[in-house]
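S.K.: Counting in the working numbering, the first sequence runs from 21 upward without gaps.
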Amino acid sequence: MSTELTMETLTSLLKRRGFVYPASEIYGGINGFYDYGPLGVELRQNIKNVWWKEMVHQRDDVVGLDSTIIQSAKVWKASGHLDNFTDPLVDCKESKMRYRADQLFFANVQVDGNSIGYVSAQECADTEAELVKKALELKRKAGVQGELDSLEIKEFTEATEDEVALVPSPATGKPGSLTPPRAFNMMFQTYVGALANDSSKTYLRPETAQGIFTNFKNVVDSTRVKLPFGIAQIGKAFRNEITPRNFIFRSREFEQMEIEYFIPGDDDIWPKMHREWIDNCLEWLHGIGIPKDRLGEDVHPKEKLSHYSRATTDITFDFPFGRQELWGIAARGNFDLTQHQEHSGKTLEYFDEARKERYIPHVIEPSVGVDRTLLAVLCSAYSEDEIGGEKRTLMRFHPKIAPITAAVFPLVKNKPELVELTKKLHRKLQRRWNVFYDQSGAIGRRYRRMDEVGTPFCITVDFDSLEDGTFTVRDRDTTEQKRMTEAEIIAHIDDRING
RNA sequence: GCGGGCAUAGUAUAGUGGUAAUACGUGAGCUUCCCAAGCUUGAAUCGUCGGUUCGAUCCCGUCUGCCCGCACCA
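(1) Using CA atoms only, rank isn't needed, just tell me which of Glu506, Pro381 and Glu377 is closest to leucine 441.
(2) Could you spell out where the beta strand (DSSP E) holding proline 386 opens and where it closes?
(3) Mind checking which residues open and close the beta strand (DSSP E) that includes serine 520?
(4) Out of Asp218, Arg314 and Val139, point me to the one whose CA is closest to cysteine 399's CA.
(5) Could you check how far apart the C-beta atoms of leucine 449 and valine 428 are, in whole angstroms? I think they sit under 8 Å.
(6) Taking the Cβ atom as the reference point for each residue, do proline 190 and alanine 141 lie within a distance shorter than 7 Å?
(7) Can you give the beta carbon distance from phenylalanine 337 to alanine 396, rounded, assuming they're within the 8 Å contact cut?
(8) For the beta strand (DSSP E) containing aspartate 495, list its first residue and its last residue.
(9) Use the C-beta contact count for aspartate 55: other C-beta atoms within 10 angstroms, 16 or more gives buried, fewer gives exposed.
(10) Glycine 231 to threonine 492, Cα distance in whole Å?
(11) Isoleucine 509 to glycine 316, Cα distance in whole Å?
(12) DSSP beta-bridge partners for cysteine 112?
(13) Out of Phe417, Ser135, Arg160 and Asp356, which has the shortest C-alpha to C-alpha gap to alanine 98?
(14) Quick check: the Cα distance between glycine 60 and arginine 392, rounded to an integer number of angstroms?
(15) Three or more beta-carbon pairs under 8 Å between the region 259 to 279 and the region 197 to 213, yes or no?
(16) Quick check: the Cα distance between threonine 222 and glutamine 253, rounded to an integer number of angstroms?
(17) Within 10 angstroms of its Cβ, does phenylalanine 371 collect 16 or more other Cβ (buried), or is it exposed?
(18) Thinking C-alpha only, which one of Ile463, Leu346, Arg466 and Gly213 is nearest valine 388?
(19) Can you give me the Cβ contacts of arginine 343 inside the same chain, cut-off strictly under 6 Å, excluding the 5 residues immediately before and after it?
(20) Which class does tyrosine 211 belong to by DSSP, given the choice of helix, strand or coil?
(21) What are the boundary residues of the alpha helix (DSSP H) that includes glutamine 230?
(22) Looking at the structure shown, is glycine 38 part of a helix, part of a strand, or coil, going by DSSP?
(23) Rounding to the nearest angstrom, what Cα-Cα distance links glutamate 20 and asparagine 66 in this structure?
(24) Do leucine 85 and lysine 237 come within 7 Å of each other at the CB atom, strictly closer than that value?
(25) Residue range of the alpha helix (DSSP H) that arginine 468 falls in?
(26) When the Cβ atoms of the region 431 to 439 are set against those of the region 481 to 490, are three or more pairs found closer than 8 Å?
(27) Alpha carbon to alpha carbon, how far is isoleucine 310 from glutamine 123?
(28) What are the partner residues of alanine 426, as DSSP defines its beta bridges?
(29) Going by DSSP in three states, isoleucine 513 sits in which element: helix, strand or coil?
(30) Do you know how far the Cα of arginine 375 is from the Cα of aspartate 286?
(31) What residue range does the beta strand (DSSP E) around leucine 414 cover?
(32) Would you mind listing the beta strand (DSSP E) stretches within the region 51 to 127 that are 3+ residues and don't spill past its ends, in chain order?
(33) Using DSSP bridges, identify the partner residues of aspartate 338.
(34) How far does the alpha helix (DSSP H) with arginine 160 in it extend, from its first residue to its last?
(35) Does the distance from the CB of valine 212 to the CB of serine 219 come in under 7 Å?
(36) Rounded C-beta distance between tryptophan 453 and threonine 425? I'm assuming under 8 Å.
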């Protein structure tokens, strides 16, 4: 009985039960950052561990890597991030349009040497023709006779203060609504060493992928991998988003789980590999408890692809705030390795023994955010039902990612022999899983506490346990109870986790 | 970044120019033989800074954060 979930309901539960808190909260918070509490960190670790286990350990063709957050600034120059992130932007205050200043052009319109105003246009197939068209229009409206002088076209990055005030917005045609160009650098900047100058300047990585590319040769030379093979990495990345929104969906500090899967460049290979990875990723998401009917595929249209990308498919999830990207699976060609080979001057070619051929491999790049996955898991797990007329809130986490795997309770707390036996059982089960002990409150209350944090198994020790060594195992989703011995409990939980 | 709304315990909310409350939750104790029972008792709140005022949680301004639109999201 899942109910329409709002983000308000979810975030208050996550705060109340210790999953997610706003970062720096006692100082008023900091926009775009979130901290994970005692239960959040467990869930997060479990998601990462399952991913690593299934994407790295259980495959023979993927190896792991952990590269640094801060790397040489040259890495970001080569990858293109530096140039793409430092472009100044211009806002039109009236139409709310935003332009890249280096793609916005303007010209002073003069008739027989006399200025009659300015025209502007966004970069297009024939920007000059567009500007001339607008200039003639301006001349006609102004009712000025005479010959239009040839236009001196300038980039908006070169606009003087006076010109900024006079150049019309391409959207509205009216002057005065454009802001001066402002730099929006999406990369967090920092300095390495004691001196803060241009040569010590570098950036926190905006994606983990580049650390994989820069270590490609190291991995090939040290591990006997053969194409096709992948390098996987889980790690933090940082983007100074203009507007972080939607809770942990788009934050400024986040964690990615990425694989660069290296393949030969042949045209008939990548589409097949691309499709295999999409299916593989969908299957993984389903395996951690995300229902297939909330997942979708968004194929990027050709004209929207980056020039180096051959195809990109996003796996989407239906969040309470809409259908959004969860996992991008890109066929990136060999752009990145080629860039790093050019900029570093080191060969990043791979020698294919089977083919007796040397080439720069292409890649399939499945890239997913830990925090987005966690949010999708939370949204999927949340549900409400009724037990004996009472409303119940529960998180239906898959047992393999539940923050607490099992809880143990003495039926009553004022009988020392029950408490003692329960604690003994607790210590034994803790060796395998995160197991929680609780003796406070009526047994029903303790069950509900565990329901709300998604603990799949509750084990109650009663007076029969003292006699026959069996315990009541209560199932979170069905509330059904079964008596089992300790050995049976271990087998049962193992089975539910792996089954 | 723009426009609008909001900010009171852990959560959800009430309320007041003379420093505050209800519910749930939570600590301690009693009770309790399986689904938020009961009793006793405790802790805990007006986002920040400034102004007006004898006095501000309340009025005004600033900042910060949150929500909704727009724009942005290599």
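All C-beta atoms in this analysis are idealised placements derived from N, C-alpha and C, irrespective of residue type, glycine included.
Please read all numbers here as calculations on a predicted model, not as lab measurements.
M.R.: Well, looking at it:
(1) Along the first sequence, read from residue 1 onward, the residue named residue 441 stands at position 421. Here the closest residue by C-alpha is Glu506.
(2) As a first step, residue 386 must be located in the first sequence, where it is residue number 366. It spans 382 to 389 - the beta strand (DSSP E) in which proline 386 sits, taken as one unbroken run.
(3) Outside the shown range of the chain, which is 21 to 519, sits residue 520, and nothing can be said about it.
(4) Residue 399 sits at position 379 when you count from the first residue of the first sequence. If we check each option's Cα against that of cysteine 399, Arg314 comes out closest.
(5) Counting from one through the first sequence, the residue named residue 449 turns up at place 429. Counting from one through the first sequence, the residue named residue 428 turns up at place 408. Sure, about 7 Å apart at Cβ, within 8 Å.
(6) Sequence index remark: in the first sequence, residue 190 carries index 170 (1-based). Sequence index remark: in the first sequence, residue 141 carries index 121 (1-based). Their beta carbons are under 7 Å apart, which means proline 190 touches alanine 141 by this criterion.
(7) As a first step, residue 337 must be located in the first sequence, where it is residue number 317. As a first step, residue 396 must be located in the first sequence, where it is residue number 376. Correct: roughly 4 Å between the Cβ atoms.
(8) Position 475 of the first sequence holds residue 495. 490 to 495 is the extent of the beta strand (DSSP E) around aspartate 495.
(9) Here residue 55 is taken as the residue at index 35 of the first sequence, counted from 1. Exposed: under 16 other Cβ atoms inside 10 Å.
(10) Residue numbering aside, residue 231 sits at position 211 when the first sequence is read from its first letter. Residue numbering aside, residue 492 sits at position 472 when the first sequence is read from its first letter. Cα to Cα, glycine 231 sits roughly 50 Å from threonine 492.
(11) Here residue 509 refers to the residue found at position 489 when the first sequence is read from its first residue. Here residue 316 refers to the residue found at position 296 when the first sequence is read from its first residue. Straight-line Cα distance between these residues: approximately 37 Å.
(12) On the first sequence, residue 112 is found 92 positions in, with the first residue counted as 1. In DSSP, cysteine 112 forms a bridge with Leu198.
(13) Within the first sequence, numbered from 1, the residue matching residue 98 stands at position 78. The shortest Cα separation from alanine 98 among Phe417, Ser135, Arg160 and Asp356 belongs to Asp356.
(14) Here residue 60 refers to the residue found at position 40 when the first sequence is read from its first residue. Here residue 392 refers to the residue found at position 372 when the first sequence is read from its first residue. Roughly 13 Å between the two C-alpha positions.
(15) yes
(16) On the first sequence, position 202 is the one that residue 222 refers to. On the first sequence, position 233 is the one that residue 253 refers to. Approximately 21 Å between the Cα atoms of the pair.
(17) For the purposes of this step, residue 371 is taken as residue 351 along the first sequence, with counting starting at 1. Phenylalanine 371 comes out exposed.
(18) By 1-based counting over the first sequence, the position of residue 388 is 368. Checked all of Ile463, Leu346, Arg466 and Gly213; the closest Cα to valine 388 is Leu346.
(19) Counting from one through the first sequence, the residue named residue 343 turns up at place 323. Same-chain partners within the cutoff: Thr336.
(20) Looking up residue 211 in the first sequence gives position 191. Strand.
(21) Translated into the one-based positions of the first sequence, residue 230 becomes position 210. Residues 229 to 234.
(22) Along the first sequence, one-based indexing puts residue 38 at 18. In the structure shown, glycine 38 sits in coil (DSSP, three-state: anything other than H, G, I, E or B).
(23) With the chain running from 21 to 519 in the structure shown, residue 20 is simply not present.
(24) If you number the first sequence from 1, residue 237 lands on position 217. If you number the first sequence from 1, residue 85 lands on position 65. Not a contact, by the Cβ cut-off of 7 Å.
(25) Sequence index remark: in the first sequence, residue 468 carries index 448 (1-based). Per DSSP, arginine 468 belongs to the alpha helix (DSSP H) from 463 to 472.
(26) yes
(27) The count along the first sequence starts at 1 and reaches residue 310 at position 290. The count along the first sequence starts at 1 and reaches residue 123 at position 103. C-alpha separation (whole angstroms): 42 Å.
(28) By 1-based counting over the first sequence, the position of residue 426 is 406. BP columns for alanine 426 point to Val455 and Phe477.
(29) Here the question's residue 513 lines up with position 493 in the first sequence. The answer is helix: DSSP assigns isoleucine 513 an H, G or I state.
(30) Here residue 286 corresponds to residue number 266 of the first sequence, with the count starting at 1. Here residue 375 corresponds to residue number 355 of the first sequence, with the count starting at 1. When rounded, the distance between both Cα atoms is 12 Å.
(31) The count along the first sequence starts at 1 and reaches residue 414 at position 394. Segment 410 to 415, the beta strand (DSSP E) holding leucine 414.
(32) 54 to 56, 82 to 85, 108 to 111 and 118 to 120
(33) Here the question's residue 338 lines up with position 318 in the first sequence. Answer is Arg343, bridged to aspartate 338.
(34) To locate residue 160, count along the first sequence from 1; it is residue 140. Counting along the chain, the alpha helix (DSSP H) containing arginine 160 begins and ends at 147 to 162.
(35) To locate residue 212, count along the first sequence from 1; it is residue 192. To locate residue 219, count along the first sequence from 1; it is residue 199. Contact flag unset, no.
(36) As a position in the first sequence, residue 453 is number 433, starting the count at 1. As a position in the first sequence, residue 425 is number 405, starting the count at 1. At roughly 4 Å, the Cβ-Cβ gap stays under 8 Å, so tryptophan 453 and threonine 425 are in contact.
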